[in-house]
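Asks: Protein chains in written order, with our numbering: chain A, 1 to 346; chain B, 347 to 1500. Every residue, glycine too, gets a C-beta built ideally from N, C-alpha and C.
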Amino acid sequence: MSSGDEISQTISKKSKKPQYSRFTQQELPACKPILTPGLVITTLISIGIIFIPIGLSSLSASENVVEIVDRYDDACVPSTGNDEAAKRERLSFIQNAKTNKTCIRNLVVPKKMKHPIYVYYQLDNFYQNHRRYVKSRSDRQYRSPKYEGDTKTCDPESEIDDHKPIVPCGLIAWSLFNDTYGISTKSNPVPINKKDIAWGSDKSSKFGSNVYPKNFQNQDPIGGGKLNESLPLSEQEDLLVWMRTAALPNFRKLYGRIETDLEANEKISVVIQNNYNTYSFDSRKQLVLSTTTWIGGKNDFLGKAYITVGGICLFLAIAFLLTYVIKPRPLGDPAYLSWNLNSAEL
Amino acid sequence: MDSNSNSYSQLQNENSSLPDFIRNSSSQRSTSSIQSFHSKASGGHSVKEDARLVYINDPEKTNEKFEFAKNSIRTGKYSILTFLPRNLFEQFHRVAYIYFLVIAILNQLPQLAVFGRGASIMPLAFVLLVTAVKDGYEDYRRHRSDNIENNRLAWVLVNDQFQQKKWKDMRVGEIVKISANETLPCDMVLLSTSDTTGVAYIQTTNLDGESNLKTRYAKQETQMKNPEKEKISGLIKCEKPNRNIYGFQANMEIDGKRVSLGPSNIILRGCELKNTSWALGIVVYAGGETKAMLNNSGAPSKRSRLETHMNREIIYLSIFLVVLCTIVSVCHGAWLRRHKDDLVLMQFYRKKDYSEPKVDDYNYYGWGMEIFFVFLMSVIVFQIMIPISLYISMELVRVGQAYFMIRDDRMYDKASNSRFQCRALNINEDLGQIKYVFSDKTGTLTENKMEFQCASIGGVDYSGGKAISEDEQTGYSLRVEGQVFRPKMKVKVDPELLSLSKQKHTDEGRHVHDFFIALAACNTIVPLTVETSDPALKLIDYQGESPDEQALVYAAAAYGFMLIERTSGHIVIDIQGERQRYNVLGLHEFDSDRKRMSVILGCPDNTFKVFVKGADTTMFNVIDRSLNSNTVKATEDHLHLYSSKGLRTLVVGMRDLSASEFEQWQSSYERASTALMGRAALLRKVAYNVETSLSILGASAIEDKLQQGVPEAIESLRNAGIKVWVLTGDKQETAISIGYSSKLLTSKMTQIVVNNNSKESCKKSLDDALVMCKKLTTDSDATRRGSGARKTEIALIIDGTSLVHILDTELEEQLFNLSSKCTVVLCCRVAPLQKAGIVALMKNRANEMTLAIGDGANDVSMIQMADVGIGISGQEGRQAVMASDFAMAQFRFLVPLLFVHGHWNYQRMSYMILYNVYRNAVFVLVLFWYALFTSFTLTTAITDWSSVLYSVIYTALPTIVVGVLDKDLSRTTLLRYPQLYGTGQRQESYNGKLFWVTIMDTLWQSIAAFFVPLLAYWGSDVDRSSLGDLWTIAVVILVNIHLAMDVVRWYWITHAAIWGSIVATFICVMVIDVLPFLPGYWAFFHIAGTKLFWACLFGITIAALVPRFVVKIFIQYFRPDDIQIARELEKVENSRESRDAEIEMNPIFDPPRR
């Protein structure tokens, strides 16, 4: 057949033999780490060594935060009962624009609070992440007067009766939080700085500096605070803070900053204008004064979590080490292959 | 293809049943082909009813009544107008896309609009667009090639002159002239050729892949005519267009005579004319009605076992999805009920719309409807719980795997210059789970390159042939006028026989003479003269479709009986330097009933002789034992001897015909061959009549060599726990001896032979065999406990006659029980249909993966029946390949295919499915947990765009890269330990347990990813978008690191994909947050500026993955599976080698392996 082969060789135009490359033959250089006991123990121990200090430091950071939390919503209304009548009374109190809603709370500073001290209001059980709520806004309208009529997404708070658009439209703006706080020590008032409480990006780009409130909150039902119609949206910082809808049903929002230190055991009194209606459902209002550290406010969770994970890893490392010492298995011993095991057993 | 007899069928099977089931081969699967196999070639006889009438050289009249298809072809599916609707229609055949579509439509309803409109349509649109572009491009290429085809030119007779005409304008009834090496434009009946006897040679490579030349004949009635000078007119009645490329029945009325036409008179579109300077033909089928176009069907489609299992798990996921949605909607209902009275006043709900004078409910449709809407919305939000993207990724990964299989140069065969072929794209991973291999013998285990070994002539065994030594290189040659003619292939010769063949006048000499005349004449071989570099030397190449015949003709030539010329009417044989012309008066072709063929020769001495050759079983029935009983007896002994050596045997007989006998035969032959109805049956009857009371001439023995590497391959397969069954048409002795030489059978095995003729005896022997089996296994159990000897292996040998009584009866169960105890099963003398029956038996009862491998038309049914069908692209044509899922050139490639590629494919695909389920579920669960904190209203903290991009950009690429590239073990290891293949057989990498473990892991990871930030930011002033960004990034990092933990081999591509995806996610999140019209403007930059963010991210990643890591290392260390041990072995050996290399400091250049 030899001569025949020659002929067929010359006849065949080109060989279909696959072009050799390391890629097509699946022989690319590769790193193939395997988990040796040494590597495993090192990994687990190093996780432990890294995690526990981080956990401790975040715990201590959380410890260092000084926080005053005062729930005032039930104290600042005339009736506190839980029955229907009391509830109705509370509602009529809060909904009536003419009642005097001033309320004074006296608080004690537990530890020295270094400035800046952040003043928050906290709402609990208030679903700023409710689907109906978060969708009811028009980011285009807020940015530019051109899109003033762009209120389709703002229902049911888009227009007033004669089809004039509300600026800013939507449920979120409509429900603007409008309690106010005035803080003073025994001797003198403590100024609350309300400048720069909103994100710089919101002020500069998201809300227009030439968009002015229009037809806002001038028709029943009134949901919350009113806006100064002579200020553009970008300067209404309370609105901007409020419009950054919270992620969770219990949330704080920045009200302002106190730029002076408060001494330990100092008595402060807060004058609250209790305007905001949280009485129609079981929501709570709290005033929070808090210092801050790198993990934010007071929160032990992260520290505890880190310490737990680190501890478990250390424990596992030791357990693995012990079992390795007691019952070692040589790596890559063919005797452990199942067919070898079977024949060995027989 | 098996047995001497069957390879004949390749050549002359027009009347046999084989082509009929070939016809159905490619698209319809098993059952249909088997049915059609039952209903024999009935279609062939119906020429008369609804026949096609073709008026020669009169296309107008031909096309008058019925417009026959024109010769333009259209393989493109779409036109510009129909593209969009048709393509969309076809794409939406997939359930996955419909799911996508329904979700997208739901989201368009204003009450349900969870995602922005764009975001919800984008994924579907993207997938549709990509597929449409792909389809469009493919179709464009088809259109382009159609265009090229349609505009090719051919010479067509118009107004008695040959003119050039475009292919697309040719019509049925026209006369076409084809020159040498031209491709035929349509199916034509040959009218005349440049050869005076009307022979034309064609090559059918494009049609069926066979490269040898086939002869086609023009009828003598038309051969003499020159259509340019005299007008030809006539009528051809032929069959309706059909797919059978080996069948054609028609007759032609010309000059008042009626001439019958058969498959040897038609030349088909796509073939090439060779060795013939021109040929004239009349178009009978054109365009889409040509046999080539009718056979142009796509690859078969099967569904892999892994995918079937996966679909079960997808149903679990759907249930899980419904459960999640129900939880959300029920909780939402409860919440609404509890706050029923507050809804109007809640600032964040505001049930009423006061903007119109008439105060109305705003977007509130009653309690029940709200629950229902929330349910639908949650389906929309959690939609990727069903990993639709998985189907797309799987397709991509399979394409990648197929690429690597095709490109593997270890599965490239140099001799046939063929690569591995992947014809089915969706069962790659099945290759890793094969438990049974059903193999054909001839051409699959053996090379199907026949070599004449020895002969028994007149009762004398001549088997002293020796390989030709170097000085005898020339072999037999012939000198004519200074030219030397020599057969292309050399055959080893027996010197005694050689000297006998030169004696003319002894009795023995005459016997030998007749024997070799029979070998040289009784066939359809065409001798071709091939020029060589030496002008004085010419080689004679015997072209034919049966390798057995070729071997026999070469053998005859070596002994001095050289076939020199063959036309349709005569042959010329050079007998010891003396040219003799024999008239071929008739030829009874091979068929599967008679299992023999015969030729009636008019000899130079004006006598008539019939020469017959065929399989021993049928030949001894027609040989007259009284004539020469000793010779018959001796020949039978020799046959037994030969077949026990594994040789293929044929018996040759002859008879002198008296003048009256001849005339009687001739008249009935003429009648039969022009008959319109039942021509095949009539011809068979004529053959039966003439093939009687023959005197025996002898028997030939041909060796079919084992393919290279077959014994090793079979041994590896057996080591891997794969049961190898050989199904062959050969005799039992031949099969057993091949079994030994291929290491299928070993001397240690106990053989159980089942040979029976009735159902009762079958039942009995099966029962006995089962009892024996049980005894053997218990015995060996006993001895094993004592001495540690190996388990007794049992080989079952069963023949086709017994199978007739077993298959499709209640005995199947017994056969199954018996065969599952045997390590090897050998079935001999089986018909093609039985092969499929055996495969079906094991496939349905054992619930194990089956693979069938074969090369011939008789393997087609088996290949289609098995879970994986492999065609050997070898000597016997392409039918097996056309029906197969994968095709390769050599049996031994099965080892790398299964152990290496199959294993990898299976491991990769299993992991990919589990990972994709995890990846999507973890994301959905994070969304779900958040829904619990939004009063069940399905607000998502994660932006719409991130939800959409999650499975498109954030996490898509790494899983595909890993699915295509990752290797759990190296090729060398996999080949060294075939037992590693067992992981696939035992379904260790994908099973229900693993799935549920993955789901538990997913649950933990989603809890870690969601609740760490939730608790860390609880009661803080964090906003929704910022926390959403944290969750997005946390989940993406988590799933990518999870993948990274499971990657075995890190290529730079893997690094790029995994780390690149994380980087891409950061970039995408940033881009989304710099768009001022989205609520989350600048959120990422705010939150990423805090240390808490990074502390959360780091904590989540570790906390979520520690359980997985720990479980993984504990399993790897204390319950290692084989793969783990082998991986460590690789590592240990590698480091040892590299250490050795360093010590030796050997600067040998490592040449790239080619």
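Determine the chain A residues that contact I1284(B) at a beta-carbon separation under 7 Å, and present them in chain order.
Replies: Residue 1284(B) is actually Leu in this sequence, not Ile. The answer, in chain order, is R131.
Asks: Give the interface partners of S46(A) over in chain B, defined as CB-CB distance under 8 Å, in chain order.
Replies: Here the premise fails: no neighbours, minimum Cβ distance about 11 Å.
Asks: Given that V40(A) touches chain B, what residues does it touch there, using C-beta distances under 7 Å?
Replies: I1459, listed in chain order.
Asks: Within 8 Å of any Cβ in chain B, is that where the Cβ of C31(A) sits?
Replies: So yes, C31(A) belongs to the interface.
Asks: Going by other Cβ atoms of all chains shown within 10 Å of its Cβ, with 16 needed for buried, is Q236(A) buried or exposed?
Replies: Buried, since its Cβ has 16 or more Cβ neighbours within 10 Å.
Asks: If we ignore side chains and look at the alpha-carbon of each, how far apart do G1217(B) and L1240(B) end up?
Replies: Using only the alpha carbons, I get a separation of about 11 Å.
Asks: Around the C-beta of I451(B), are 16 or more other C-beta atoms found within 10 angstroms, so that it is buried, or is it exposed?
Replies: The residue is exposed, with fewer than 16 neighbouring Cβ atoms inside 10 Å.
Asks: Give a yes or no on whether the minimum CB-CB distance between W1428(B) and chain C is below 8 Å.
Replies: Looking for chain C here will not work: the only protein chains present are A and B.
Asks: Applying the criterion that 16 or more other CB atoms from any shown protein chain within 10 Å of the CB defines a buried residue, is M1346(B) buried or exposed?
Replies: Exposed, by the Cβ-count rule.
Asks: Just to confirm before moving on: does the CB-CB distance between S1046(B) and L1122(B) stay below 8 Å?
Replies: Result no, Cβ atoms of S1046(B) and L1122(B) do not sit closer than 8 Å.
Asks: Does S280(A) come within less than 8 Å of chain B when only Cβ atoms are used?
Replies: Yes, its Cβ sits closer than 8 Å to a Cβ of chain B.
Asks: Pull up the distance between the alpha-carbon of A526(B) and that of N621(B), whole angstroms please.
Replies: Spanning the two alpha carbons is a distance of roughly 7 Å.
Asks: Contact defined as beta carbons within less than 8 Å: I believe D786(B) pairs with L1073(B). What is the distance between those atoms, to the nearest angstrom?
Replies: With 8 Å as the limit, D786(B) and L1073(B) qualify as a contact, their Cβ atoms being about 6 Å apart.
Asks: Name the DSSP bridge partner or partners of S802(B)?
Replies: S802(B) pairs with D807(B) and A1045(B).
Asks: Which residue wins for smallest C-alpha separation from E63(A), given the options A305(A), K327(A) and G297(A)?
Replies: When each option's Cα is compared against that of E63(A), the closest is G297(A).
Asks: Would you say W242(A) faces chain B, with C-beta separation under 8 Å as the test?
Replies: Answer no: the Cβ-Cβ gap between W242(A) and chain B never drops below 8 Å.
Asks: Using the rule of at least 16 other Cβ atoms within 10 Å of the residue's Cβ for burial, across every protein chain shown, is P110(A) buried or exposed?
Replies: Classification for P110(A): exposed.
Asks: Around the Cβ of L843(B), are there at least 16 other Cβ atoms within 10 angstroms (buried) or fewer (exposed)?
Replies: Counting Cβ neighbours within 10 Å, L843(B) comes out buried, since at least 16 surround it.
Asks: Could you tell me the alpha carbon to alpha carbon distance between M1208(B) and K560(B), rounded to whole angstroms?
Replies: Each residue's alpha carbon lies about 27 Å from the other.
Asks: Please tell me whether I1461(B) and L1326(B) are closer than 8 Å, where the distance is taken between their beta carbons.
Replies: For I1461(B) and L1326(B), no; Cβs fall outside 8 Å.
Asks: Which stretch, first to last residue, makes up the alpha helix (DSSP H) that contains P1304(B)?
Replies: P1304(B) -> alpha helix (DSSP H) spans A1302 to L1311.
Asks: Which complete beta strand (DSSP E) runs does the segment 133-192 of chain A hold, if anything under 3 residues is left out?
Replies: Here the runs fully enclosed are 180-185.
Asks: Report the CB separation of I871(B) from Q896(B) in whole angstroms; it is logged as a contact under 8 Å.
Replies: At roughly 6 Å, the Cβ-Cβ gap stays under 8 Å, so I871(B) and Q896(B) are in contact.
Asks: Can you confirm whether A317(A), when its beta carbon is compared against all beta carbons of chain B, has any partner nearer than 8 Å?
Replies: No, its Cβ sits nowhere closer than 8 Å to a Cβ of chain B.
Asks: For E716(B), which three-state DSSP category applies?
Replies: Here E716(B) sits in helix by DSSP.
Asks: Short of 8 Å in beta carbon distance, which residues of its chain neighbour S1316(B), apart from the five on each side in sequence? Order them along the chain.
Replies: Excluding residues within five positions, the ones whose Cβ falls inside 8 Å are E1476.
Asks: As a quick exercise: from V899(B), D506(B), L1040(B) and I726(B), pick the residue whose alpha carbon is nearest that of V968(B).
Replies: Out of V899(B), D506(B), L1040(B) and I726(B), L1040(B) has the C-alpha closest to the C-alpha of V968(B).
Asks: Hey, is the segment 281-295 of chain A in contact with the segment 38-49 of chain A, meaning 3+ C-beta pairs nearer than 8 Å?
Replies: The segment 281-295 of chain A is not in contact with the segment 38-49 of chain A.
Asks: In its own chain, which residues sit with a C-beta less than 8 Å from the C-beta of P330(A), not counting the 5 before and 5 after it?
Replies: Once the five neighbours on either side are set aside, P330(A) has no close Cβ partner at all.
Asks: With a Cβ-Cβ cutoff of 8 Å, do L1284(B) and V720(B) count as a contact?
Replies: Contact flag set, yes.
Asks: When DSSP labels each residue in this structure, what does Y905(B) get in the three-state scheme?
Replies: Note: Y905(B) maps to coil in three-state DSSP.
Asks: Do V1272(B) and W1364(B) have their beta-carbon atoms positioned less than 8 Å apart in this structure?
Replies: No, Cβ-Cβ distance for W1364(B) and V1272(B) is not below 8 Å.
Asks: Could you please give the first and the last residue of the uninterrupted beta strand (DSSP E) stretch that includes A596(B)?
Replies: Start and end: A596 to I600.
Asks: Do you know offhand how far D853(B)'s Cα is from H859(B)'s?
Replies: Going by the C-alpha atoms only, they are around 10 Å apart.
Asks: Span of the alpha helix (DSSP H) holding E520(B)?
Replies: First-last for E520(B): undefined, no H or E at that position.
Asks: Quick check: the segment 1161-1170 of chain B against the segment 1181-1191 of chain B, are at least 3 beta-carbon pairs closer than 8 Å?
Replies: Yes: the two stretches touch, three or more of their Cβ pairs being nearer than 8 Å.
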